[in-house]
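Student: In the numbering used here, the protein residues as written are 22 to 126.
Cβ coordinates follow ideal geometry from the N, Cα and C atoms, glycine included.
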Ligand SMILES: [Zn+2]
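1) Does ligand 1 have even one heavy atom less than 7 angstroms from the beta-carbon of residue 105?
2) Let's see if you can read the secondary structure: which residues bound the beta strand (DSSP E) around residue 108?
3) Start and end of the alpha helix (DSSP H) containing residue 119?
4) What residue from 50, 47, 35 has the CA that sits closest to residue 65's CA?
5) Using 10 angstroms around the beta-carbon of residue 52, count the other beta-carbons present and answer buried if the total reaches 16, otherwise exposed.
6) Please list the terminal residues of the continuous beta strand (DSSP E) segment that includes residue 69.
7) Do you know whose CA, among 95, 101, 44, 56, lies nearest residue 111's CA?
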């Protein structure tokens, strides 16, 4: 396969931009249709590349320390109301059952 010259690539880009059919471009540039197709794809990729600079932004996972994970689980906690230790099912449960029943809860 002959190497594409810069002038040929320019012509190809022009024809492709003008929506000239691949077969027509192939005839004009004296290339095979698959070759023209490949080159158009190459031109598109090359055109897209400069926009993407540096690393692709990856969504960062929030770093969760082990003790933070543990604190979300069921564990003995002090009741905020009577300060008695009770088994809290999750971190948001900070009032013991007795206080919940007796007070405004
Ligand atoms: Zn309590």
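Tutor: By the coordinates alone:
1) Stepping through the chain shown from its first residue, residue 105 is reached at position 84. The answer is yes for residue 105.
2) Position 87 of the chain shown, counting from 1, holds the residue named residue 108. Unbroken beta strand (DSSP E) run through residue 108: 106-109.
3) Within the chain shown, numbered from 1, the residue matching residue 119 stands at position 98. Per DSSP, residue 119 belongs to the alpha helix (DSSP H) from 118-123.
4) Reading the chain shown from its first residue, position 44 is the one you call residue 65. If we check each option's Cα against that of residue 65, 35 comes out closest.
5) On the chain shown, residue 52 is found 31 positions in, with the first residue counted as 1. Buried.
6) Start at 1 with the first residue of the chain shown, and residue 69 comes out as number 48. Per DSSP, residue 69 belongs to no beta strand (DSSP E); it is in the alpha helix (DSSP H), 54-69.
7) Along the chain shown, one-based indexing puts residue 111 at 90. The residue among 95, 101, 44, 56 with its C-alpha nearest the C-alpha of residue 111 is 95.
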